[in-house]
Amino acid sequence: MGDVLAGFHAVWEFESDSVLIRYERGIRTPKLFQALGERRIPLSAVEDVSLTPGRRGTVVLRLRPRAGADPLMEAADGQLKEGSDPYRLVLPAERETLAEYYAQELKGLLTEAGSGPADRHLVAAPEAPLHFKAYDGKASFDGTSVQFRWSWTGASSAKWKAGDQSFPVAGLSGVEWRSPEVFDGHLRLINRSAGTTATAVQPDQDPAAVIFGLGYGPVHESLPFAAAVLAAVRTRGPVPAVPAAPARRDPADIAERIRHLGELHQAGLVTDEEFSSKKAELLAEL
353 MGDVLAGFHA VWEFESDSVL IRYERGIRTP KLFQALGERR IPLSAVEDVS
403 LTPGRRGTVV LRLRPRAGAD PLMEAADGQL KEGSDPYRLV LPAERETLAE
453 YYAQELKGLL TEAGSGPADR HLVAAPEAPL HFKAYDGKAS FDGTSVQFRW
503 SWTGASSAKW KAGDQSFPVA GLSGVEWRSP EVFDGHLRLI NRSAGTTATA
553 VQPDQDPAAV IFGLGYGPVH ESLPFAAAVL AAVRTRGPVP AVPAAPARRD
603 PADIAERIRH LGELHQAGLV TDEEFSSKKA ELLAEL
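Note that this note's numbering has the sequence shown beginning at 353, numbered continuously upward.
Next up, the structure:
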């Protein structure tokens, strides 16, 4: 097709086998769109196309992705608000005729692309490395493994005792993302060996989970993160990553951790043995 349709917050470029979506940057553009930047949606990943009336003199052109075709939507699991749906293009009502033309053209191409649940991801996941700050720690993903580094002011004693965590993609079977915009928002990694029993543990007590809160783990940071990890898990391998320099421990941070460790020891929350062992581990990182 090779045509372009510009709407609010995004521009769609129609090609013979895909739709290239370029999200605009701006104060009114949803932050998730800005984080995604650009996405190519193969028509083989699309189940249907619809055109419906929108609000305040607008129309909405929307693609409905096939189940399992897009790691971002699979991770979101229906939790995205309407305005943050990356498959919606909102247009002024005067462009309805043009939008209807493209909708019909796309529908004609979809009959050749296939339908029903996809057996693999067909839309590219956000690229690693990715990171975000949760309420009880920092999460990072380099394409091969996920690291959780606990915050000494927010993490539970269970997480502190377990220590900072590293999860190779090969050992994971899935990702559970609960939006920070609802109660009990969190990101949990499902270990292949633990299976579904892992979800019985409360996220704030689970070393395989980080919890969100007001201002922590926002959708535009934590959802692309979850999608990238999920894509790596599904393919049993790394997603493309930009080489990162080896992490170095800040001596001031180590000193702060030892100070907090001493406070927990004095409060009786850790034993003498745990105190000595953890202090030695921290000193060894200098």
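In this text, a Cβ means the ideal position worked out from N, Cα and C, and glycines have one as well.
All values reported here derive from a predicted model rather than from experimental measurement.
What do you get for residue i, buried or exposed, if any count of 16 or more other CB atoms within 10 angstroms of its CB means buried?
i: Gly614; result: exposed
i: Pro382; result: buried
i: Leu566; result: exposed
i: Pro469; result: exposed
i: Val591; result: Low confidence applies here, because Val591 scores a pLDDT of 49, under 50, leaving its location unreliable and the question unanswered by this model.
i: Arg588; result: exposed
i: Gly435; result: exposed
i: Ile379; result: exposed
i: Ala584; result: buried
i: Gln517; result: buried
i: Ser545; result: exposed
i: Arg609; result: buried
i: Lys630; result: buried
i: Gly406; result: buried
At the 8 Å Cβ level, is residue i part of the contact set with chain D, yes or no?
i: Asp429; result: No chain D appears in this structure, which consists of one protein chain only.
Skipping 5 residues on each side, what residues in its chain have a beta carbon closer than 8 Å to that of residue i?
i: Asn543; result: Phe519, Gly523, Leu524, Ser525, Ala550 and Ala560
i: Leu462; result: Leu395, Val398, Glu399, Asp400 and Val401
i: Thr410; result: Phe360, Val442, Leu443, Pro444 and Ala445
i: Val356; result: Val363, Trp364, Glu365 and Phe366
i: Gly420; result: Glu426, Pro469, Ala470, Asp471, Arg472 and His473
i: Asp429; result: Trp529
i: Arg377; result: Gln386
i: Phe577; result: Pro478, Leu482, His483, Phe484, Ala491, Phe493 and Leu539
Within its chain, find whatever has a CB closer than 6 Å to the CB of residue i; leave out the 5 residues flanking it on each side and keep chain order.
i: Leu424; result: Ala579
i: His617; result: Phe627
i: Ala599; result: Its pLDDT being 48, under 50, Ala599 is placed unreliably by the model, and nothing is read from it.
i: Glu448; result: Val411
i: Gln499; result: Ser492 and Ser518
i: Ser299; result: Residue 299 falls outside the range modelled here, since the chain spans only 353 to 638, and no answer is possible.
i: Arg392; result: Ser370 and Leu372
i: Gly506; result: Tyr487 and Asp488
i: Leu458; result: Val401
I'd like to check one pair, residue j with residue i: are the Cβ atoms closer than 8 Å?
i: Val562; j: Asp471; result: no
i: Ala477; j: Leu575; result: no
i: Ile606; j: Leu582; result: no
i: Ala486; j: Phe564; result: yes
i: His572; j: Ala387; result: yes
i: Tyr439; j: Arg414; result: yes
i: Lys490; j: Arg501; result: yes
My understanding is that residue i touches residue j, with C-beta atoms under 8 Å, so please give their C-beta distance in whole angstroms.
i: Gly569; j: Gly537; result: 6 Å
i: Val527; j: Leu541; result: 6 Å
i: Val475; j: Asp422; result: 4 Å
i: Leu337; j: Glu479; result: Coverage of the chain is limited to positions 353 through 638, which leaves residue 337 absent and any answer about it impossible.
i: Ser508; j: Gln557; result: 6 Å
Going along the chain, which residues of its own chain have a beta-carbon closer than 7 Å to the beta-carbon of residue i, five neighbours each way excluded?
i: Glu533; result: Val571
i: Thr623; result: none
i: Ser531; result: Gln431, Gly537 and Val571
i: Gly389; result: Tyr375
Which runs of the beta strand (DSSP E) spanning at least 3 residues fall entirely within the region 462-487, listed in chain order? 482-485
My parser needs the beta strand (DSSP E) runs of 3 or more residues fully inside the region 530-571; what are they? 538-543 and 561-563
What are the uninterrupted segments assigned as beta strand (DSSP E) that are 3 or more residues long and contained completely in the region 381-418, given in chain order? 390-394, 398-405 and 410-417
Ordered list of beta strand (DSSP E) runs contained in the region 485-524, each at least 3 residues: 489-493, 497-502 and 517-520
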